[in-house]
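Here the protein sequences come in this chain order: R and L.
Take any residue in the first sequence, note its place counting from 1, add 1267, and you have its number in my numbering.
Take any residue in the second sequence, note its place counting from 1, add 1038, and you have its number in my numbering.
We put the beta carbon where it would ideally sit given N, CA and C, even for glycine.
Written below as structure tokens is the structure these notes are about.
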Amino acid sequence: MSGERIRAVVQKELRDFRRNRFLVGTMAVLPLIFLVSPLITLLQIPATTPVSVIRHAVGGSSLLLFVVPAVIPPIMAAYSVIGERDQGTLEPFLTTPIQREELLLAKAIAVFLPSATVAYGIYFAFALTIRFAAAHAVSAAVWHTPQVVAQLVFTPLIAIWAVWVGIAMSVRARDVRVAQQLATLASLPAIGITALITFRVITPSVRLAVALAVVLLVIDIRAWRFVSKLFDRERLVTGSRAKPS
Amino acid sequence: MQATPALTVEHLTKRFGGRVAVDDVSFTVAAGEVFGFLGPNGAGKTTTVRMLGTLISPTSGSAVIAGLPLSPANGVAIRQRIAVMPEAPGLYLRLTVTENLEFFAGLYRIRDRGRIPAALEAVGLQARAADLCGNLSKGLCQRVALARALLNDPAVLFLDEPTSGLDPVASREVHGLIDGLRERGVTVFLTTHRLEEAERLCDRVAILNTTLRTIGRTDDLRDRLFRKRLLVETRAPLADPGSVFDGRPGVTGWEANGSGVYEVAVADAKLAAPGVARALVAAGADILSLAEQRHSLEDVYLELISEDVEAAR
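Put into structure tokens, the structure is as follows:
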């Protein structure tokens, strides 16, 4: 593994993303939709509302915020391999000494960094607005410690899962849009577990959040290995799988 | 040229399912040689380059590239020593010329930042270093791709149809750059179906049509395929051409080919021509021209490829 090669790919990807108007537009608009809707819901709740109703409303809003790290990465990750092939850059790229694990890890980091930044940014904008503008009971529910820990820990882990799903689709699909759509759909189950917490189907606690995070981390690492196996230079270049001689 | 080949290929074969793309191809390329790999569309040229560039694996056969046997275990080391310029430049259009080269320099772990300006200078692009590649013409993009291929100072440089789609001026510029590579001692493996390009640039050529049809210097290929002939043109038809050509030293046959035009088969044109000229003068002929018939690489190519077309019918 070469950190130099990984750094080169990450730097190139971030430069390329920054100048891709479609991606920048999507990254700017989509998260705002997920921010505005829960804010409107929670800011309208009066202080006299029963706690159970407030918890349910906060649970729904938190779930929407978990959707951000699940839907943003696939939009970018879907470009990672098939996008290179579409613009004719894949072949020169693959004829360099880069190894597939380096390539995939670098692509994943390049997607993860802006995705996690946007997801955290949206969450903190949401939480701070609630803190200063919502009823006290609503603010207390949003800033409930297990809720905050779950949000902080699960956001990057869901994003990493979504990144690998997006890259896996990008490695196998023949069209960027198909890869984006399939990857977004396939990323959503990851937020199922967080839904159980936010709706208090599973009683939330810091210990539970950490335990589930460890499980998700193991899944993320296995996803990297799985996607590495999917990556076949010959198939990417010629469209047919390499056969042993 | 050095004795150790830069590239040795033995019985290389590639099948895609039931289709044979490259069949039992063997050749060597000497270090510092500009080697032309010619063939019609679908002949297997790009497949061969992809195999030698470790992008796809051969079905059978072996190769040694820049001193390393072609194998999955050597893939990274081989790619570190070679450079491949595919038919399409494959540049990141939203990045500048320098950013594109910085990216590839990072992939080759090149720490000497002077390499990028040097590569740009080699292709005459210093003034466009800060331009976005999306704003460059196709010819300039090819130049950037060539600069990219020079970054790692490759032992073998594979150029796959480098002038495809370029206008004559841009093509000439690329030819000039390849000449420059030859002067620098870079081993160049050039695939093309532009025969005049191969004839002008290459030390040796191989003609591929799934199998290797022939290989050698263009002069040798001409000699191998075509009998040597003198073309004789006189103002008026000779009264008795047989008495002029028959039995002349070095002349093996002759035929009239129009009024006052004769094709004289010879063993060695330089030895036979003076005697033929003297015989023509002695016969009172007014000689308009007397020259060796030259066959171009295109003639060689068409002769070989048309044999394949005939065989396929």
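Query: Span of the beta strand (DSSP E), counted from its first residue to its last, around L/K1052; Result: 1043-1054
Query: Exposure of L/W1211, with buried meaning 16 or more beta-carbon neighbours within 10 Å; Result: Residue identity check: residue 1211 of chain L is Glu in the sequence provided, not Trp. By the 10 Å Cβ count, L/E1211 comes out buried.
Query: Chain L within 8 Å of R/E1271, Cβ atoms only; Result: yes
Query: Pairwise C-alpha distance: L/T1097 and L/I1253; Result: 23 Å
Query: Positions along the stretch 1307-1326 of chain R whose CB lies within less than 8 Å of some CB in chain L; Result: none
Query: Other residues of its chain near L/G1203: CB distance less than 8 Å, five sequence neighbours each side excluded; Result: K1176
Query: 6 Å CB neighbourhood of R/R1272 in its chain, flanking five on each side removed; Result: I1365, E1369
Query: Residue burial classification, R/D1487 (beta-carbon count within 10 angstroms, cutoff 16); Result: buried
Query: Whole-number beta carbon distance between L/V1087 and L/L1246, since they are thought to touch under 8 Å; Result: Actually they are not in contact, since the Cβ atoms of L/L1246 and L/V1087 sit about 11 Å apart, beyond 8 Å.
Query: is_contact[L/V1270, chain R] using C-beta, thresh 8 Å; Result: no
Query: Residues of its chain near R/E1280, where Cβ-Cβ distance is below 6 Å and the 5 sequence neighbours each way are ignored; Result: A1377
Query: N-terminal and C-terminal residue of the beta strand (DSSP E) that L/T1066 is part of; Result: 1057-1068
Query: DSSP three-state assignment for L/V1122, whether helix, strand or coil; Result: strand
Query: L/L1174, enclosing alpha helix (DSSP H) - first and last residue; Result: Counting along the chain, L/L1174 falls outside any alpha helix (DSSP H), and DSSP gives it neither H nor E.
Query: Opening and closing residue of the beta strand (DSSP E) in which L/W1292 lies; Result: 1289-1294
Query: Interface partners of R/D1283 on chain L, CB under 8 Å; Result: Y1130, R1132, L1133
Query: Simplified DSSP assignment, three categories, for R/D1499; Result: coil
Query: Test item: CB-CB of R/L1500 and L/L1233 under 8 Å; Result: It should be noted that the sequence gives Arg, not Leu, for residue 1500 of chain R. It is not a contact, given that the beta carbons lie outside the stated cut-off.
Query: CA nearest to the CA of R/S1304, picked from R/A1337, R/I1397, R/R1352, R/S1382; Result: R/I1397
Query: CB contact below 8 Å: R/E1368 versus chain L; Result: no
Query: Own chain partners of R/S1512 with C-beta closer than 7 Å, once the 5 adjacent residues on each side are dropped; Result: Only weak support is given to the placement of R/S1512: the predicted model assigns it a pLDDT of 40, under 50, and the value that follows is read from those uncertain coordinates. Taken in chain order, the list of residues that qualify is empty.
Query: Validate contact between the stretch 1387-1397 of chain R and the stretch 1145-1161 of chain L using beta carbons, cut 8 Å, 3 pairs; Result: no
Query: Cut-off 6 Å between Cβ atoms - residues of its own chain near R/F1391, not counting five sequence neighbours on either side; Result: none
Query: Cβ-Cβ distance between L/E1237 and L/T1256 below 8 Å; Result: yes
Query: Inter-stretch contact (C-beta, 8 Å, three-pair minimum) for the stretch 1318-1333 of chain R and the stretch 1399-1408 of chain R; Result: yes
Query: As assigned by DSSP and simplified to three states, the class of L/A1329; Result: strand
Query: Spatial neighbours of R/Q1447 in its chain, beta-carbon cut-off 7 Å, leaving aside the 5 residues before and after; Result: P1341, I1342, A1345
Query: Range of the contiguous beta strand (DSSP E) that encloses L/S1098; Result: 1098-1103
Query: CA-to-CA distance, L/P1110 to L/M1089, given in whole angstroms; Result: 11 Å
Query: Per-residue burial, R/M1268 [other beta carbons within 10 Å of its own, 16 or more giving buried]; Result: exposed
Query: Opening and closing residue of the beta strand (DSSP E) in which R/Y1387 lies; Result: Here R/Y1387 belongs to no beta strand (DSSP E); instead the alpha helix (DSSP H) covers 1367-1400.
Query: Chain-ordered neighbours of L/P1192 on chain R, where CB pairs are closer than 8 Å; Result: Under the 8 Å cutoff, chain R gives no residues; its nearest Cβ is about 10 Å from L/P1192.
Query: At least three beta-carbon pairs within less than 8 Å, the stretch 1114-1134 of chain L to the stretch 1172-1187 of chain L; Result: yes
Query: Chain-ordered chain A contacts of L/Q1118 [CB-CB under 8 Å]; Result: Annotation note: the requested chain A is absent from the structure, which comprises protein chains R and L.
Query: As assigned by DSSP and simplified to three states, the class of L/T1134; Result: strand
Query: Min CB distance R/Q1354 to chain L below 8 Å; Result: yes
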